[in-house]
Each structure stands twice: as structure tokens, then as C-alpha cells.
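For the sequence shown, the working numbering begins at 42 and goes up steadily by one.
Note that the Cβ used here is the ideal one computed from N, Cα and C, for glycine as well.
Here the structure is laid out as C-alpha cells; the discussion comes afterwards.
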Amino acid sequence: MISRRGLALLVAIMGGASVMPVFSYAKDTSVAPVSHKQVTLPRVLVLATGGTISGKADTRSAIGYDAGAVTGAQLIAGVPGVEKLAVLQVEQISNIASQNMNNQVWFKLAERIRRAFANNEADAVVITHGTDTMEETAFFLDAVIGDARPVILTGAMRPSTAISADGPANMYEAVKVAADPQARGRGVLVVLNDEVHSARGVSKMHTTALQTFHSPNLGPVGYVDPASVRFVAPARSQQHLDLPADHKLPRVQIVYAHADMDAQQIDDAVKDGARGIVIAGMGDGNVSTDALAGVERATKAGVVVVRSTRVGNGFVNRDVEVDDDHYGLVASMDLNPQKARILLQLLLANGKTSAADIQNAFSATL
Ligand code: DAS
């Protein structure tokens with residue numbers, strides 16, 4: 042409680058009698074305390090999976106490191122000020138380099154997030170993750186979580202022990218976005234390097250650069266810096282698919298197209314029991330005439346074939362250089378091969394088997 046003398050001093054410091062006292066004070070000359078609004082911080086559940094953000098440098102090369110060497114709790118401890126943004130609870134889901142990401146971790150993440158939201162344990166979730174498959178985990182969770190509360194993935198391109206490690210800043214910004222009410226209803230987001238990307242649009246596009254994540258077709262949906270979070274795109278609806286009860290996803294193979302291509306990869310995928318094939322096609326999702334004959338054999342064997350592209354940018358539309366209607370194929374639209382594979386797996390697991398239904402789903406949430 043401030044005394045009259047203290048109050049006078051305070052007014053004096055602030056520039057003399059002309060300045061209104063900072064506090065209004067009651068008749069009995071004691072100062073009525075300013076009512077402090079109870080500031081309740083949002084609750085953010087941090088799920089750590091590994092990756093470079095939790096990596097430690099290794100002397101085998103100038104930029105060598107081992108991903109997944111530091112725990113999620115240690116990560117948070119290394120991010121000054123993050124505790125002012127949210128009440129954090131950290132859980133270790135896995136500690137792997139994300140080139141080893143797998144369905145078991147995906148299902149564990151999805152079920153933990155669904156439980157946290159169903160039990161009102163958290164207002165948002167932040168996932169620390171390797172960058173190699175971050176876009177795939179984000180896309181998978183975006184399709185199955187179906188909740189307006191923010192789920193944000195973040196990672197790093199330099200290990201925690203590197204000079205100018207990028208992990209702490211990315212972690213801080215991910216929590217800042219997760220805690221921001223504007224982030225609600227936007228599906229799963231990826232936050233690194235001051236940018237906010239949608240799960241649908243984002244892709245890793247450089248092997249080592251800090252600014253490796255881009256959304257070539259859709260652009261970033263927002264920007265974040267220590268002072269602000271700004272969204273530049275409207276929230277969009279996302280389709281919600283059920284998690285297969287048996288935790289299994291059907292086998293869908295990606296076939297990489299190239300010059301002098303024959304049908305061997307396609308015939309082998311069918312022989313190996315693939316229920317779906319995604320073509321990482323040349324240009325606008327193209328394959329050679331020989332390979333197209335293999336595609337026709339695959340569709341006749343009941344395998345669903347999606348045409349995507351190896352070029353990393355642009356849309357693959359129906360019936361441009363390939364007669365999709367004739368061959369019963371699906372065009373991936375804006376989805377790259379690795380995301381087209383995940384969507385096809387989930388659609389097949391949810392009983393969608395006709396090319397027409399699957400094409401509708403690929404075009405639905407554009
Ligand atoms: N191998 C990378 C991974 O774990 C390291 C990283 O960038 O996170 O995805």
C-alpha cells in the first residue's frame with residue numbers, strides 16, 4: 042500500500058502537481074489499490090518428439106549433430122520469458138530424428154491431443170518435432186484432430202548447442218502463436234523463423250537454411266515476432282477424418298517419375314500389396330507411356346492412383362496431359378506427394394475407395 046508521502050513522491054517523479062496522481066486515493070488518505078484484473082494465462086501442452094531442436098552438436102563434421110538428445114523440459118528451460126506467455130505442461134512423446142517418424146508416434150500424438158482437448162486439460166498444444174517430416178505430421182494431425190483449439194508444430198534447423206541456435210526463438214514464437222486467440226479455428230499450424238504456415242500449404246524446401254519452410258502454393262498464413270502475431274489469411278475449414286480404430290494405415294507407395302521411365306516401380310508396388318499409389322510425376326504430374334500402361338494395370342487391379350508432382354510448386358489439375366477420366370485417376374491439386382499419400386491413406390482407411398469420392402476429398406478443402 043503506498044503512503045501519502047510515497048504518493049506525493051510518485052506524482053513529483055512523474056512531473057509535478059500538474060500530473061494526475063497515479064492512484065485515486067480514498068478520504069481517509071489511504072490509497073485505494075488499483076484493481077488488478079486477474080490475468081489468467083492460457084494453458085499450453087507441449088508434446089516433445091525429438092528432432093534437431095533437441096539435438097546436440099557432434100564433431101564428425103562442421104554442422105554434424107545428433108537429433109533427439111535433449112528433452113522437451115530442457116528445451117523449455119532454455120527459452121527465457123516463455124513462462125510469461127502461457128502456463129506450460131511438457132510431456133515427452135518420443136525423442137527421435139523425424140526421418141524416423143512413424144504411424145505409432147502419429148497415433149500417440151493424435152490421441153493425446155484429442156484427450157487433452159476432450160478433458161479440457163489445455164487451451165492449445167505445441168509439438169516440438171524434427172523438420173524432415175514436420176509437414177507430414179502437421180498434415181496428418183490437421184486431418185484427424187478436428188478441434189478449433191490451436192495445434193502448433195515447431196522445430197529447428199540448428200541443434201541446441203550450435204552458435205545462434207534457432208530453436209529457442211522458434212519455441213518462444215510457437216508458444217506465442219498458440220496462446221493467441223487469433224490462432225483458433227485455423228487447423229494445425231507450423232511456426233518457425235517468424236512465419237506461420239498452414240499444415241496444408243507448408244513444405245521443407247532447403248536442406249540446411251533457417252528459412253527452409255515455405256508454402257509455395259498458398260503462402261504463409263501469418264507472421265510472428267517478439268512483439269506481435271499477425272494473420273494474413275482467413276481461417277479455413279478443414280476436413281475431419283476418423284482415426285482408424287486398429288491404428289493401421291493402408292499401404293500407399295510413392296513412385297518417383299523420371300526420364301526413360303518404365304512401369305517396373307508401379308508393377309512392383311501392386312505386387313507388394315499397395316492399396317494406393319501416388320505418382321511424383323514429371324511436370325504437371327506426368328509419366329511415360331510405358332509407365333501409364335502400368336498405371337492402367339494398377340487401377341484395373343483395384344489400386345487407387347493419385348497423380349502428384351515432383352516439381353514442388355503449382356497445382357496438378359485433372360485431364361491436362363493425362364486423361365484422368367479414362368484411366369480413373371485422381372489429381373492431387375496442390376498436395377505434394379508426401380501429403381497426397383497421407384490423405385489417400387486416411388481416405389482409404391475411412392472407407393472411401395472410388396476415384397470420384399477421393400477426388401472430391403482432394404479438392405474439398407482448397
Ligand atoms: N533430421 C532432422 C529431423 O529430425 C533434423 C531436424 O531438422 O529436425 O527431422
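Residue i and residue j closer than 8 Å at C-beta
i, j, result
"residue 177", "residue 383", "yes"
"residue 228", "residue 169", "no"
"residue 165", "residue 220", "yes"
"residue 345", "residue 361", "no"
"residue 200", "residue 119", "no"
"residue 131", "residue 216", "no"
"residue 30", "residue 290", "Given that the chain is displayed from residue 42 to residue 407, the structure contains no residue 30 and the question cannot be resolved."
"residue 99", "residue 140", "no"
"residue 355", "residue 246", "no"
"residue 87", "residue 129", "yes"
"residue 306", "residue 270", "no"
"residue 179", "residue 231", "yes"
"residue 280", "residue 402", "yes"
"residue 349", "residue 376", "yes"
"residue 335", "residue 364", "no"
Exposure of residue i, with buried meaning 16 or more beta-carbon neighbours within 10 Å
i, result
"residue 275", "exposed"
"residue 183", "buried"
"residue 13", "Residue 13 lies beyond the stretch modelled for the chain, which goes from 42 to 407, so this question has no answer here."
"residue 81", "exposed"
"residue 144", "exposed"
"residue 273", "exposed"
"residue 339", "buried"
"residue 78", "Note that residue 78 scores a pLDDT of 46, beneath 50, so its modelled location is shaky; the value from the coordinates is reported in the next line. Classification for residue 78: exposed."
"residue 197", "buried"
"residue 160", "exposed"
"residue 104", "exposed"
"residue 124", "exposed"
"residue 343", "exposed"
"residue 286", "exposed"
"residue 392", "exposed"
"residue 214", "buried"
"residue 115", "exposed"
"residue 318", "buried"
"residue 122", "exposed"
"residue 381", "buried"
"residue 405", "exposed"
"residue 268", "exposed"
"residue 250", "exposed"
"residue 204", "exposed"
"residue 44", "For residue 44, the predicted structure reports a pLDDT of 49, less than 50, and the residue's modelled location is therefore unreliable. A value from the coordinates is still provided. So residue 44 counts as exposed."
"residue 397", "exposed"
Nearest candidate by alpha-carbon position, reference residue i, set the options
i, options, result
"residue 374", "395, 347, 388, 294", "347"
"residue 134", "116, 128, 124, 153", "153"
"residue 312", "331, 292, 141", "292"
"residue 218", "359, 206, 204, 167", "167"
"residue 252", "289, 267, 207, 215", "207"
"residue 194", "188, 211, 310", "211"
"residue 108", "138, 149, 146", "138"
"residue 157", "125, 190, 329, 173", "190"
"residue 30", "331, 287, 310", "As displayed, the chain neither begins before 42 nor continues past 407, which places residue 30 out of reach and without an answer."
"residue 385", "315, 110, 335, 327", "315"
"residue 327", "317, 226, 398, 359", "359"
"residue 254", "266, 263, 233, 264", "233"
"residue 90", "159, 147, 123, 122", "147"
"residue 395", "366, 379, 121, 380", "366"
"residue 351", "266, 226, 379", "379"
"residue 236", "363, 230, 264, 180", "264"
"residue 188", "155, 205, 179", "155"
"residue 331", "298, 341, 349", "298"
"residue 278", "209, 288, 248, 225", "225"
"residue 181", "163, 162, 149", "149"
"residue 117", "333, 209, 266, 284", "209"
"residue 126", "136, 102, 83", "83"
"residue 238", "288, 294, 175, 284", "175"
"residue 357", "337, 333, 400, 171", "400"
Any non-hydrogen atom of the ligand SAH closer than 7 Å to residue i Cβ
i, result
"residue 249", "Among the ligands modelled here, namely the ligand DAS, the ligand SAH does not occur."
With three or more beta-carbon pairs closer than 8 Å as the criterion, would you say the region 299 to 308 touches the region 320 to 330? yes
Is there contact between the region 228 to 245 and the region 259 to 276, where contact requires at least three CB pairs shorter than 8 Å? yes
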